[in-house]
Ligand code: CUK
Ligand code: CUA
């Protein structure tokens, strides 16, 4: 057994050598170097108990220093509130983008521009400053249904917010809080030309964040699909041009946008059409069982182009200044239609051609494949088998589907390879199921470790997926890694899907929050800047009016307001000595006048909780009150040069007499 294995390893190494264009790599040439290294490798295999499959996986994923990844994943950072950037196939963590949570390395939330982004995401009328988020679904911006590599959107389930990240500098630019709903889940999904970023609610609540007793759940609690208008030129959501569609108080779950054949539509699965509200102490069933009584829940179908036209025609009602198309309009106008789904489904995933929508069974062993053409014909003909309590038409289930796939225990989410196959995550069974989109038959299953939630594919949500990799986003990792205490990491597993059999290639523990979804883009589609144009404020993407040029550094005082115009360059700040009086308002205008790639400085002042990152060309405005007297060192926090430790100065605050 062992010798057979090692024999094929030699063949594998030969192949690998050819693949990498190595001159002396073939064992058939009898090269001494190769024979020696093969012998060494054989020994390593034996010592490390590596199988041939392990070595092959290593060869397919290993990136020697300097060799770059082909794909980049943008993954939800879960409760961390951030986004993880991961290279594929190496599964190396490249960056954690600060989004909803203050992040010191990027100087996000410690005095600089990030404070303003975070402030924009607050609901001040509620009076709570939020410093975290439950990040679920990052989505890349699209042009004609293809990732264009320009922006990234992500939702905060806990506090119903959407963030916009600009991929020209990988910085968060905007957070918009939803004024109407109390939690979201079906977001952030984009329309194929990015006209809108979609955010649909999860747990129903009175619209506008009002109070209503739980006994009025059916009459006062509602869901909502929010359509955030996105300005691609400015790279910002325009709140005043955004609007919503009122939904019944079922628990809307995941959404997806139609494309090609189904462009103009949005699909949202739901659960708890029972409208259970718990109340265990009051003698009611908990939501988990109360919500699982009916045999079916509803797939919601929204014709968003028609909804948009109705909103523009003045058919919407204003709630807290937001235009909302109510159900008494959207039902009769065929804008909002319901279709039965099997109990407590999860996921709604549109195929690359836009023809089908796949909904996972979750508590059922099937995935249901709905046909958009059939749905559209029924809606247009006005055929329905009944209406729900809110007057919304319900289409006959049997006439809307193309079929059902017997998947296994707990199917959740589905992605596609663009070659006619679908890959469904199967939570309870802990497998990825590969199935044929034509025959609706499972053709391969791969065990993953363990309890896979989402699954993602290379260019997976575009109209033309790449079909090279999928990643299993596993919720549990029980025996996979060194024990690090009772809070275990989640586990991303890279799976090769180029051949008929799926192949497990690599594990990546995720030790920061519970990720939900992620998207994978071809790395060469990303074209971020390497340095900022001199004096750029990342909040506006423009040269800041207070940008400082070399030679113009100065300190100006007007009353008790002190303006400090400062530059940073290896290895000093100018000015490096600042004197103010206790109680002065300090306005520090700080420009990095570096233009060399990867020459980053930081800036902090002892005891003032100030820390900004100064990438080349970046400008920061920091305003604070010098309320603590003392002699405070200020210094550069990034090891920028041999004289980095010398890059410091004093910030003097003279005590009041
Ligand atoms: S949900 Cu997490 S596994 Cu929030 Cu997308 Cu399905
Ligand atoms: Cu600049 Cu360290």
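In our numbering, the protein residues as written are 19 to 675. For every residue, glycine included, the Cβ atom is placed at its ideal position computed from N, Cα and C.
Excluding the 5 residues flanking residue i on each side, which residues of the same chain have their C-beta closer than 6 Å to its C-beta?
i           : result
residue 118 : 99, 151, 174
residue 643 : 603
residue 362 : 289, 310, 380, 381
residue 624 : 650, 651
residue 112 : 103, 105
residue 667 : 591, 594, 595, 652
residue 669 : 596, 623, 650, 652
Assuming residue i and residue j form a contact by the criterion Cβ under 8 Å, report the distance between their Cβ atoms to the nearest whole angstrom.
i           : j           : result
residue 515 : residue 487 : 6 Å
residue 700 : residue 368 : Since the first residue shown for the chain is 19 and the last is 675, residue 700 is missing from the structure and cannot be characterised.
residue 493 : residue 471 : 5 Å
residue 214 : residue 247 : 6 Å
residue 138 : residue 148 : Wrong, their Cβ atoms sit about 11 Å apart, outside the cutoff.
residue 397 : residue 406 : The Cβ separation is near 15 Å, so there is no contact.
residue 654 : residue 620 : 6 Å
residue 221 : residue 269 : 6 Å
residue 582 : residue 606 : 5 Å
residue 267 : residue 241 : 6 Å
residue 450 : residue 473 : 6 Å
residue 199 : residue 191 : That belief does not hold up - the Cβ atoms of residue 199 and residue 191 are roughly 23 Å apart, past 8 Å.
What does a CB cutoff of less than 8 Å around residue i pick up in its chain, not counting 5 residues either side in sequence?
i           : result
residue 308 : 290, 292, 294, 295, 296, 302
residue 553 : 561, 562, 565, 566, 567, 609, 635, 637
residue 469 : 445, 446, 448, 492, 493, 494
Of all the options the options, which has the alpha carbon lying nearest to the alpha carbon of residue i?
i           : options            : result
residue 187 : 621, 468, 559, 593 : 559
residue 459 : 500, 636, 421      : 421
residue 525 : 537, 653, 339, 507 : 507
residue 532 : 73, 86, 94         : 94
residue 344 : 408, 433, 140      : 408
residue 410 : 320, 432, 379, 424 : 320
residue 88  : 619, 601, 540      : 540
residue 322 : 241, 208, 401      : 208
residue 557 : 352, 136, 654, 83  : 136
residue 78  : 108, 102, 86, 61   : 108
residue 326 : 259, 432, 394      : 259
residue 549 : 178, 614, 346, 70  : 614
residue 180 : 417, 158, 332      : 158
residue 153 : 193, 466, 370      : 193
residue 467 : 232, 512, 456      : 512
residue 546 : 594, 184, 80       : 184
residue 92  : 196, 485, 544, 352 : 544
residue 428 : 400, 384, 204      : 384
residue 648 : 674, 142, 537      : 674
residue 391 : 280, 579, 520      : 280
residue 414 : 639, 389, 501      : 389
Does the Cβ of residue i lie closer than 6 Å to at least one heavy atom of the ligand CUA?
i           : result
residue 494 : no
residue 656 : yes
residue 666 : no
residue 619 : yes
residue 318 : no
residue 662 : yes
On the CB-based measure, 16 or more other CB atoms within 10 Å of its CB, does residue i come out buried or exposed?
i           : result
residue 341 : buried
residue 66  : exposed
residue 219 : buried
residue 167 : buried
residue 434 : buried
residue 529 : exposed
residue 505 : exposed
residue 170 : buried
residue 82  : exposed
residue 76  : exposed
residue 595 : exposed
residue 631 : buried
residue 461 : exposed
Got a sec? Which residues, its chain only, sit under 7 Å from residue i by beta carbon, not counting five neighbours each side?
i           : result
residue 366 : 272, 273, 274, 285, 286, 287, 317, 375, 377
residue 146 : none
residue 677 : What is shown of the chain runs 19 to 675, which leaves residue 677 out entirely.
residue 454 : 438, 439, 461
residue 123 : 631
Return yes when the C-beta of residue i is under 6 Å from any heavy atom of the ligand GDP, and no when it is not.
i           : result
residue 467 : Absent from the structure shown: the ligand GDP. Ligands present: the ligand CUK and the ligand CUA.
Nearer than 6 Å: is that true of the beta carbon of residue i relative to any heavy atom of the ligand CUK?
i           : result
residue 471 : yes
residue 535 : yes
residue 402 : no
residue 590 : no
residue 154 : yes
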